[in-house]
Structures are given as structure tokens and as C-alpha cells.
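Chemist: Input: one structure, supplied below.
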Amino acid sequence: MDAQIVVSILISVCVASTPLLLAATGELVVERSGVLNLGVEGMMIIGAVAGFSVAQITGNPYIGALVAIGAGAVFSLLFAFLTLSLVTNQVATGLALTILGLGLSGMIGEGFVGQPGIKMTPIDIPILSDLPLVGKLLFGQDAIFYTSLILVGLVSWFLFRTRAGLMLRSVGDNAKSAHALGIPVIRIRYMAVMFGGACSGLAGAHLSLVYVPQWVEGMTAGRGWIALALVVFASWRPARLLVGAYLFGAVTIAQFHAQALGISIPAQFLTSLPYLATIIVLVIIARNRRMTMINTPASLGQPFVPDR
Amino acid sequence: MILFLEKRANYSPLFSALSPVLALAFTLVFGTIMFSMLGVDPAKALYTYFVFPLTDAYLIEQIILKATPLILIAIGLSVCFRSGNWNIGAEGQYLIGGMFGAIIPVYFNDFQSPLLLPMMMIMGMIGGALFAAIPAFLKARFGTNEILTSLMLVYIAQQFVDWLVRGPWRDPQGMGFPGTKSFNESAILPELIPNGDAHFGTVFAVLVAIGVWFMLSKTLKGFEVTVLGECPRAGRFAGFSTKQMTIFAFLLSGALAGLAGIAEVSGSVEKLDDKLSLGYGFTAIIVAFLGRLNPLGILVAGLILALSYIGGEEAKIALQVSNRATNVFQGLLLFFVLACDTLIHYRIRLVTSSKAGGTG
Amino acid sequence: MVDSDDNNKELLSVSGITKIFGTLKANDNVDLIVNNGEIHALLGENGAGKSTLVKMLFGSLQPTSGTIVWRGNKVKIANPSAARILGIGMVFQHFSLFDALTVSENIALSLGDNIEMGELADKTRSVSQEYGLPLDPDALVGDLSVGERQRIEIVRCLLQDPALIILDEPTSVLTPQEANKLFETLERLADEGRSILYISHRLEEVQRLCSRATILRHGKVVDACDPREETAASLASKMVGAEIDIVHRETGSGTGDILLKLNALTMPPATPFSMPLRGISLDLRAGEVVGIAGVAGNGQSELFEAISGEAIQADSDAITINGIPSGRLDISERRNLGAAFVPEERLGHGAVPNFALSENLLLARHSSDRADFLGLGRMGVIRRSKVKVLSRQIIEDMDVRKSGEDPAAAALSGGNLQKFIVGRELDRNPSVLIVNQPTWGVDAGAAARIRQALIDLAANGSAVMVISQDLDEIFEVSDRISVISDGGLSEPEPAKNMTREKIGMLMGVSHQNDADTPNTQEATA
């Protein structure tokens, strides 16, 4: 195969992987603090519609992306208030967030259906992006792509090298003990949930400003759920998310190229591939129980009410 | 001001009954605000949404028609949720149930028999149950997260049914539209009232509600469901098996979703097409919680959610309000139901921050 | 009230502290004075309000009213870091440690903001060596023993250089030898001029260690005294406020039939942090109580779950109940053979917290009393009225104090709920009863009642196994005593041949080897 084609395929893999990586990175921090937010899909689609509509109105995709980040964070507050202040069931509340997000985005985005979007233009780093082959791949992509990679590094550094990260992990491991030591459990969890919301919002903006770029109702198409699966796959370690997200990105892209290569499998089966892959990956991960048990934040999904 | 919760010694039966009503009231208040912001007269909008459909016999029948699958699916989900099994793939089980039930009329289009309908219904239930058995088996055997697997299977089911109705099952005389041949007379569920839209599935829904209510509230099996959901470790001490319960709850829930699917296919569409997936499996989650996971409550909750669908259609025609507002209403309702449930187990206190001290 | 402020300088003075939770007065107008360099005991039985008081001193809870004076200044301790800045350190009863973090990460979490992690590891090593509390800073806490965990708590506390150290029931998880080492450490700390507030309900420890004691009962201070001038009996009656029935026991003959036989019972660990069972053999005979002593986390709950059938064995001969091989039977089938079980955790294992007492009765007896409780054959319709009648009967028999007709399990105090849970099993008159930590967190009156009931059951011809960390309890009820350590069981010996020292020795060694030699128990029994 032509090297140029390989590079363009690799670039498309990057584009498909970026939203998964972003949303999963955010959720990883949330889960490390002991909170299970199943509303990733809902926060993503809110980010997608917010980013798209603001970009259309202002004509600037960067403002759109920033608003998407804010919208994701604000939307996640709803979940935080219910689960952290009112100790509602985290699974049910996460589902509610997804259902509401899908509904709300449909209403907000109704006027934007079918409009041609504004694509975020790639940042060409001078000279480097002109390098043969790898130039465009490594130095000629959009800002959100770079953000996603930097974010993984930052999150990894934050969790394992800073005191604040240590506090966040301690809250996820044992909220009661953390509270007894005077660590502000609820405040830390609020911040973690909002960080997750912001990441999901940006992931959604990537879909509507880079990947597609258009507003299509329900355009997240289960990516939020795949991001949740990726966190399990990565056993709550940021670096492993990179592997997982790019693996899934590659599977997604494979379906397009399988058709191009003339492999005669019905399109519907190819579309099912990422979902099927998710199930298979979850089974493989779950079989290694020891690893899952050691890495799972021990208080994940457990309600916590501080006594006074 | 800081909000904090004080655990009640015993749960409050008052708030247990009141919480869905409170949640509905909050949703209406929120709806008023939303319609005002959209520049629609809120009184008129809420009337169109929630009262007008009840004044018209045709619309009431539409509500019953719409409520039927919601109720059937939600009852199954209530058993799952009560037992701590998060089946959120009911949409897929509904689709596969509809597809499974359609096998006989698709392949033996001319087959006529009084036994045909029962066979189709049973096939639908088997299909839904088999599809639900996948996440159940994976959870029981490998400890795989059932939330994610059951949801992923929805997408797979959608693609699979889509492929069937556009590919091997497509009616050659269908002018290229996706969908199977229309079923013959004996494969169609009878109407509730002559020449109406609502079909016999409603009777199934009522019977199932009574049966499952009896099971949950009167029998040892129901006790087992609640114990394992509330406290798995105590359940194990009682001699109940979490794994068997996972299988049981998913199979039951899948079978009911499958029944809803084939009832819809046979009673309403009268063939299998590409428009079967309308999100009932997800709306049923709201129905289940609004009905407080109680089958009799779910009967009422299903009608309320169906009312919001029909009201939404009316509001679109009468007031040019987007019927997407319906989905927002439904999402909000679930939020308020969950929030109000807190009152059942906790008293909420507001404290000024100077007195609160503490670190939480 | 307190008469000793001329020689010693007051470090801490608490006056009129009250703490109200809802309708419960956990502390009622409590006064307490701790002087420099003294080891001060805070005595009281379970539920007297000791933990509530010290949580307020450490800033985890806020008093409803009252004042705290520290080094002569009135202070408000808003949170634990404020307490640490003042110089108050705390060693928790239920450790506030994080399993998934390393020792030095655990320590860093309770220290100030600007601690260099590399520096911390060195400091940890030096402090732990100085006080003879060896620790590996890089070890994961989840892999450590209970004794090592307590060392982390103490070292963590010492690194803050506190003037006052609060220890909440520190010896409840230690072997007698480890406890002795702890006492030496504490005496050394007091010699350095630090004050220690020592919370306990164990009188002999307090008499050995402390020169002054404040005694709490039902949230109120009932006395402040020098424990060395009191007898154990006088201290006990001050703590409890009433005479406690003394538990009576006739020595069992130990010649009855074997009702429960464990035959080289072996189980792999269920989770990464749990204990395997290594070749446990034991014969439990009609008419005897066998006590299983041991430090927490040595396989007690694993042993309990293996015998109860919550964890099923591969080999059906590993457990024999009433002569029937039961290794592959589930818990209901084992119950139907005449066995009964009382687990360690009341709420969440022995009972569903939000369920009414009658429902919790059904929980354990739906299979053994199927004919009575369930109707309509396979449908299994619950006869609620019959369940409620029996539930009332048990409540009466065991003198369970409750509010309301059929309250939720969580609404009862620990002692009353435990009486109900034990009564639920005794009412069946089981031939084999396995009890794990029967009186943990239970007030003295209820504890005495429960222990007497266990002894009476054995006296009537049943076989009883009591798994307990409380050596007093072990000696009070047992005919024979065995020690569980590292998942293995020592050979049981008649209680009269056992001493605390001997048990302490057995707690420190691994028993998998001697348990592998089959049937040595027959000879001793």
C-alpha cells in the first residue's frame, strides 16, 4: 500500500480515537475519586451541541470548544449535586444524565440540523509539519488532538506525583478514612466530577467540530459508553488509556476501509464492530480478576454521607 | 449555607408515596419555566401536554397503545433493578424479541392457525430472553459489567435488525422500502376495541403487572429479589445465589421486553420494519423508577410517560413546540424522582456554614 | 470535680461538652482534664460515648455545646488538621488507612502540605526504628497485618510530634505480646513529656498503664479516679452502672458425639487481600464450646464462611455435619442438617439493615422453617403473620429492647440486634452453632446474656464454636481453645491448660504443618 495512504489512515485513526481518549481520561479521574458517572454519553452530546451551535453563531470553533468544555462541566454538576449532596444511586443518576443530555441536545440542536459545520483547521507546526510522511501525522493535526495527548500526561502526573492527586486517590480508596483525616471528600469529588464533565464536553466538541463536523442528533452513537469501558480496560491507569483508545479508534476506521477494500461484509456488521469489540475486551479484562480487584478504586459507586 | 443529610431511623412511608408526586410537581414547575423561556404560554403548553389528550377518546387510545410496551418493559426492569442487576439493554431485547417473534410469519407467510399467535408471542419472549442471557451469563460467569455489555448489545441488535429488513427479510414487492411482507390475518394481535389501534398487548401488560406484583410482594422469590438487591452479602447468608438471581432477573426482563417487541410488531405495525426502535427500552427506565419499581406503580407511570409522548405530538401541532421537549421532560422527571427519593431515607437540613464546621 | 491541678500542668481541659445526634445525646455535659506527661484512661463500655468525645477533640465532629481549653487557651477545633496544628494526634480504632496506597503515601496524607516524598520515607524509617516499630515505607498497606497497620498509625501520629496522643481501643487487634510492646512504647512517650489519652474497656490494661481515669456511662462522666486504687470489680460496676450477671459454666465432659468434623479443610483466597485456609482439622463434640482465638485477619471470617457454606468446598468430606458429608452443600442445606450460624457483621451480613426484624427472621429461616413460614407449595407465599408471631417470641425470650412493633434492624442498638440474631438461631435449638465475634461492640449486659445462652446451648447437648478476638470471652465460654493464625488452626487444648501467654505464642506461628497431620485431635479430645 502507498505510504501516503497509510499516513492518511493513521491520521483518521487519530481523529476517531481523540474523543474516546478525552472522555475516558475525564472519567478515569472521576472514578479514581470513587464516583461512577455513567452520564458520559449525555455530557458528550451536550458538549457536541454546545460546541457546534456556538461555533456557528460566533464563527469561531475555538470559542465553540471552550463553551463545550464549560457546558460539559456545568451539566455534570447536576449529577454531582444529586449523587454527592443528595446521595442518590450513582448508576441510576448517571443514566438519567445520559437520557436528559440526549433529550436536551436534540432540542437545542434542532435548528442546526443539516447546516454545514465549521471545521477546526489543523495547526500546522512550521517546518516540522512539512517533514515527509510523519510531518502531517505528528505535527499537522487539530488543537483538540494535541490537548488530548497532553491531558493524559498531565492527569498521570497529577494522580501519581502531586499531593492533590494523592488526596483524590485516597478518597477513591476509602472515603471514610479520608474524612476522618480531614480530607474534604465531597469537595474533591465535586471537582473530579466537573473535570470529567469538562473532558466529555471537549470530546463532544471534537465530534461536532473536527470529526464529522456537523450537528446530527444522537451523534455520539455510544462513544460515551465505550469511553466508560475503556477506563475498565485501562484498569484506571492513564497511560493504558492511550493504548485502548487508539485500539478502538483503529477498529472504527477499519470498518470504513474494509468496505473500500471491497470486503463484502454487510455494512451493518462492520458498524457493529466497535460495540462487539467492547464486549470482548470487557470479558477478557474481567477474567483477570486479581488485576481488576487490585486496581479498582475500592469505594467506587459507594454512597458517602459525612457525619457531623 | 450548607445542605446536609440526616438519616432517618426508619424509612418514611409518607415520602415513599409522595416522592413520585413531588417529582411530577417539580417537573411541571420546570416545564413552566422552560415554556416561558421558549416564548410559549406555559398554561396553554402544559394543558396541551398533560390535559388535552385526556379529553379525546382517540388520544386516550393512543396513550394506552404507547403505554403498553413501556409498562411491559419497565416491569421486567423493576425486577432487575430491585435485585441489583443493571439491565439497560432492554431496547435491544425488545428489538430481538420483535424479530424472533416474526420468524414464523416471515418464513411461513401463509401459515394460518389459532396457535400461530401464541407461538409468535412465545418466540418473542424466547428471543428477548436469549438476548438478555448474554450480559447475564457474562456477568455471572466472568463478572463482566452488565451495564456496558447490555448497552453495547443494543447497538448490535439495531444493526442486525436493520440488516435483516433491508437484506434477507425485505419484501421483494415492497418498492424497495425496508421491511418484511405484511403478516396475514391470523398473525395479527386482535384489537382491544373493534377497529381501534390499541391491541391485546395491553391485556398482557395488566396481567403481567399483577403477576409480578404478587411475586415481588407475597412470595419468597420476591423476598429473594429484594434481599439480593439491598444487601448481597446478607442474601448469600440467607442461602440465595447472586448469580442465579442475575440469570433469573435478566431472563424475565428480556422475556417481557421481547413480548413487548412482538406485541408491537404483531399488533401495531403488522410487519417487521426499520422503525421498531423508538427508545422505549430507555424510556422504560424512567417508567420503572417513577413507578417506584413496583409493578402496580409502573402501570400508572407508564400511562404518565405515554401521556407526555402523545401530549408532545399535540403540542407540536397546536403550538409548534418541538416534540424534543418531550424527551427533556422525561429526563427531568427521572432526575426529580431520584432526588425526591432521598427524602424517604433522609431528612434534609440546611445549616449556615459558620455552625456547620466540619470538613465535608 | 477533678482535684489535681497544683503539681501537674493542665494540657487539655474539656468542660461541659454535649453532642446531640438527632434525638440521641451521645455526650452529655462531659468534663475531662488531661495533664502533661500523664497516661489518662477514658473508660466506658460500648456505646458510652468515648469515641464521640475523642472525635470532637480531633475535630472530626463538632460539639453541640461546651468548651475545649488547650494549654490555657479556649480553642475551636474545626477539623483534623486544626487538631494536628495544635499538637493533637490520633490513632484510630478502625484504622483510617488506605489499602491501595503505600505506607509513606498513607503517612503523607496526614501531614502538612509541604512534605517531600523522598524525605518522608527516610523520616518514616528513622522514627519507626527509634521507637522499635519497624516499617517498610514502600509496602502496600493492603498487604500488611493488623499489627503493622497499627504501627503505621502510631508512626504517622509521632511524625507530627504531638503533645497529646489519643489511642482508641488500641489493643483490641493485637496479640498479648504485641500489646506489651505497645505499652512500653506508650510509657516511653509519656516519659518524654507527651500526654496520652487511652480509651479502653479493658480494666487490667488501664490499671497497669494509667494513673488517672475518667469513666463515661450513657454519655455522662460518672467518676474520675485513680484506677490503681480501684479493684477491677469496682471499676466495672462504675462503667456498667449495675451488677452484671456472672456467666456460669460447668466444665464440659468432651466425650459427646462428634457433631461437626473439619477434615483438612482447605480454601484458596477469595480476593487478593483475603486469607487462604490451610488444612484445618477439628472435631466439635456434643456438649462442648470450642473457642477459636486469634488476631483479626488471620482467616476467621474465611473459616466461618467455609463452615456455613457461604463458600462451598470442592471436597464433600472436608466438612461433616451430624455425620453427613456437607462440603458441597449450600448454607440452606447445612442449616437443614441442624447447623446454625451467627456472623461477625450484624448489619449487612447477619441482617439486612433496612428490613424489619421479622423479615430478618425469615432471612435465616426460610428454608429450615419452610413448612411453617411458606404456603402454596412451590409458589412459596410468605405467611407474614406466622413469621411475626415467632419474631415477637424471640424478642421476648432474648429481652430485645426496641422502639416500635417491628422496627428495621438498623434502628436497634448493637447489643439488642445481636441478641435478636443470636436468639433467631437459638430458637431452632440447633445441634451445631458457629458464632463469629459474638459480643463485638455489644454492651456488657447483653454480652453476658449472649455468652450464657451459648454455654447453656452446649450444656443441653449441642456443639458450639465461638470465634473471637476477645481473650476474656474465649476463657469465659470455652471448654477447649484453639488458635487461628495465618489461615491455619492450632491443635485445640482444654481451656484449663491454656494461658494468655501460650495463646499469644500460638498467635504468632503458622499452623499449616501441624494441621496437616490428620486426626491428632481425636487423641486430645
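Chains as they are written, first to last, in our numbering: chain A, 8 to 315; chain B, 9 to 368; chain C, 806 to 1330.
Glycine included, each C-beta is placed from N, C-alpha and C at the ideal position.
Quick one: residues in its chain with C-beta nearer than 6 Å to the C-beta of asparagine 834(C), no 5 flanking neighbours on either side, listed in chain order?
Modeler: The residue you call residue 834(C) lines up with position 29 of the third sequence. If we look at asparagine 834(C) and ignore the five residues flanking it on each side, its Cβ neighbours are Gly821 and Thr823.
Chemist: Out of Glu921(C), Leu862(C), Leu925(C) and Met1080(C), state which residue places its alpha-carbon closest to the alpha-carbon of aspartate 973(C).
Modeler: The residue you call residue 973(C) lines up with position 168 of the third sequence. Minimum Cα distance to aspartate 973(C) is reached at Leu862(C).
Chemist: When we look at the beta-carbon of tryptophan 164(A) and count the other beta-carbons within 10 Å, is it buried (16 or more) or exposed?
Modeler: The sequence position of residue 164(A) within the first sequence is 157, counting from 1. By the 10 Å Cβ count, tryptophan 164(A) comes out exposed.
Chemist: Please state the DSSP three-state secondary structure of tryptophan 875(C).
Modeler: One-based indexing of the third sequence puts residue 875(C) at position 70. Strand, per DSSP.
Chemist: At least one CB of chain A closer than 7 Å to the CB of methionine 45(B): is that the case?
Modeler: Reading the second sequence from its first residue, position 37 is the one you call residue 45(B). Answer no: the Cβ-Cβ gap between methionine 45(B) and chain A never drops below 7 Å.
Chemist: So that I know if they touch, is there some Cβ in chain B lying closer than 7 Å to that of methionine 1184(C)?
Modeler: By 1-based counting over the third sequence, the position of residue 1184(C) is 379. Chain B contact via Cβ: present.
Chemist: Between valine 1157(C) and chain B, is any beta-carbon pair separated by less than 7 Å?
Modeler: The residue labelled residue 1157(C) in the question sits at position 352 within the third sequence. For valine 1157(C), the answer is yes, since a Cβ of chain B falls inside 7 Å of its Cβ.
Chemist: Just the Cα atoms here: how many angstroms apart are leucine 284(B) and leucine 175(A)?
Modeler: Position 276 of the second sequence, counted from the start, is the residue given in the question as residue 284(B). Position 168 of the first sequence, counted from the start, is the residue given in the question as residue 175(A). One C-alpha to the other measures close to 45 Å.
Chemist: For proline 68(A) versus alanine 210(A), is the C-beta distance shorter than 7 Å?
Modeler: For the purposes of this step, residue 68(A) is taken as the residue at position 61 of the first sequence. For the purposes of this step, residue 210(A) is taken as the residue at position 203 of the first sequence. No, they are not a contact pair.
Chemist: Under 7 Å, Cβ to Cβ, is there at least one residue of chain A near serine 361(B)?
Modeler: Numbered from its first residue, the second sequence carries residue 361(B) at position 353. Confidence in serine 361(B) is poor, its pLDDT being 49 and thus under 50, which makes the residue's placement unreliable; the coordinate value appears in the next sentence. By this cut-off, serine 361(B) is not an interface position.
Chemist: Just to confirm the assignment, what range does the beta strand (DSSP E) spanning phenylalanine 1146(C) have?
Modeler: Along the third sequence, read from residue 1 onward, the residue named residue 1146(C) stands at position 341. Segment 1144-1147, the beta strand (DSSP E) holding phenylalanine 1146(C).
Chemist: Beta-carbon of proline 139(A) versus every beta-carbon of chain B: anything under 7 Å?
Modeler: If you number the first sequence from 1, residue 139(A) lands on position 132. No, proline 139(A) does not count as interfacial toward chain B.
Chemist: Identify every run of the beta strand (DSSP E) within the segment 1022-1092 of chain C, keeping only runs that are complete inside it and at least 3 residues long; order them along the chain.
Modeler: Complete beta strand (DSSP E) runs here, min 3: 1025-1030, 1063-1072 and 1082-1090.
Chemist: So with Cβ pairs under 7 Å, would you call threonine 1076(C) a contact of chain A?
Modeler: For the purposes of this step, residue 1076(C) is identified with residue 271 of the third sequence, where counting begins at 1. Answer yes: the Cβ-Cβ gap between threonine 1076(C) and chain A drops below 7 Å somewhere.
Chemist: Quick one, which of Lys324(B), Ile318(B) and Arg300(B) has its alpha-carbon nearest serine 24(B)'s?
Modeler: Residue mapping note: residue 24(B) aligns to position 16 of the second sequence, counting from 1. Considering only alpha carbons, the answer is Arg300(B).
Chemist: If the cut is a Cβ gap below 8 Å, which residues of chain C does tyrosine 19(B) touch?
Modeler: Here residue 19(B) refers to the residue found at position 11 when the second sequence is read from its first residue. The contacting residues are Asn1159 and Ala1213.
Chemist: From glutamine 1257(C) to glutamate 1035(C), what does the alpha carbon distance come to, in whole angstroms?
Modeler: Working through the third sequence from its first residue, we reach residue 1257(C) at position 452. Working through the third sequence from its first residue, we reach residue 1035(C) at position 230. Answer to the nearest angstrom: the Cα atoms are 27 Å apart.
Chemist: Of all the options Asn1127(C), Ile1129(C), Phe897(C) and Phe1146(C), which has the alpha carbon lying nearest to the alpha carbon of glutamate 1115(C)?
Modeler: On the third sequence, position 310 is the one that residue 1115(C) refers to. When each option's Cα is compared against that of glutamate 1115(C), the closest is Phe1146(C).
Chemist: Give the DSSP-derived three-state secondary structure of asparagine 1241(C) in the structure shown.
Modeler: By one-based count along the third sequence, residue 1241(C) stands at place 436. Asparagine 1241(C): strand per DSSP, three-state reduction.
Chemist: With DSSP collapsed to three states, give me the class of glutamate 199(B).
Modeler: Position 191 of the second sequence, counting from 1, holds the residue named residue 199(B). Three-state DSSP puts glutamate 199(B) in a strand.
Chemist: May I ask you to report which of helix, strand or coil DSSP gives threonine 128(A)?
Modeler: By 1-based counting over the first sequence, the position of residue 128(A) is 121. Correct three-state label for threonine 128(A): coil.
Chemist: Pick from Pro122(B), Gln167(B) and Thr35(B): whose alpha carbon is nearest that of glycine 339(B)?
Modeler: Taking the first residue of the second sequence as position 1, residue 339(B) is located at position 331. For the residues Pro122(B), Gln167(B) and Thr35(B), the minimum Cα distance to glycine 339(B) belongs to Thr35(B).
Chemist: Using three-state DSSP, classify proline 28(B) as helix, strand or coil.
Modeler: Position 20 of the second sequence holds residue 28(B). In the structure shown, proline 28(B) sits in a helix (DSSP, three-state: H, G or I).
Chemist: Give a yes or no on whether the minimum CB-CB distance between serine 306(A) and chain C is below 7 Å.
Modeler: Sequence index remark: in the first sequence, residue 306(A) carries index 299 (1-based). Closer than 7 Å: no.
Chemist: Please name the residues in the segment 213-229 of chain B whose beta-carbon is closer than 7 Å to at least one beta-carbon of chain C, in chain order.
Modeler: Going along the segment 213-229 of chain B in chain order, one finds Lys226, Thr227, Leu228 and Lys229 with a Cβ nearer than 7 Å to chain C.
Chemist: To which residues does DSSP link alanine 1268(C) through a beta bridge?
Modeler: The count along the third sequence starts at 1 and reaches residue 1268(C) at position 463. Val1237(C).
Chemist: Can you give me the Cβ contacts of tyrosine 197(A) inside the same chain, cut-off strictly under 7 Å, excluding the 5 residues immediately before and after it?
Modeler: Here residue 197(A) refers to the residue found at position 190 of the first sequence. Cβ within range, chain order: Ala87 and Leu91.
Chemist: Measuring only between beta-carbons, confirm whether glycine 189(A) sits less than 7 Å from chain C.
Modeler: Here residue 189(A) refers to the residue found at position 182 of the first sequence. So, interface residue.
Chemist: Can you grab the Cα-Cα spacing for the pair serine 274(B) / phenylalanine 89(B), in whole Å?
Modeler: Looking up residue 274(B) in the second sequence gives position 266. Looking up residue 89(B) in the second sequence gives position 81. The straight-line gap from Cα to Cα measures roughly 28 Å.
Chemist: Out of Gln101(B), Leu73(B) and Glu322(B), state which residue places its alpha-carbon closest to the alpha-carbon of isoleucine 201(B).
Modeler: Against the second sequence, residue 201(B) aligns to sequence position 193. Cα-wise, what sits closest to isoleucine 201(B) is Leu73(B).
Chemist: In whole angstroms, what separates the C-alpha of leucine 161(B) from that of glycine 100(B)?
Modeler: Working through the second sequence from its first residue, we reach residue 161(B) at position 153. Working through the second sequence from its first residue, we reach residue 100(B) at position 92. Answer to the nearest angstrom: the Cα atoms are 6 Å apart.
Chemist: Would you kindly report the start and end of the unbroken alpha helix (DSSP H) that includes methionine 174(A)?
Modeler: Locating residue 174(A) in the first sequence gives position 167, where the first residue counts as 1. Counting along the chain, the alpha helix (DSSP H) containing methionine 174(A) begins and ends at 170-180.
Chemist: Which residues share a DSSP beta bridge with proline 939(C)?
Modeler: On the third sequence, position 134 is the one that residue 939(C) refers to. Paired residues: none, contrary to the question.
Chemist: Within 10 angstroms of the Cβ of aspartate 966(C), are there 16 or more other Cβ atoms? Answer buried if so, exposed if not.
Modeler: Position 161 of the third sequence, counted from the first residue, corresponds to residue 966(C). Exposed, by the Cβ-count rule.
Chemist: Please go through the same chain and pick out, in chain order, the residues whose beta-carbon is closer than 8 Å to the beta-carbon of leucine 342(B), but skip the five residues on each side of it.
Modeler: Taking the first residue of the second sequence as 1, we reach residue 342(B) at position 334. Taken in chain order, the residues that qualify are Ile293, Ile294, Phe297 and Leu298.
Chemist: Less than 6 Å between C-beta atoms, sequence neighbours within five positions excluded: which residues of the same chain meet that for leucine 891(C)?
Modeler: In the third sequence, the residue the question calls residue 891(C) occupies position 86. Once the five neighbours on either side are set aside, the close Cβ partners of leucine 891(C) are Trp875.
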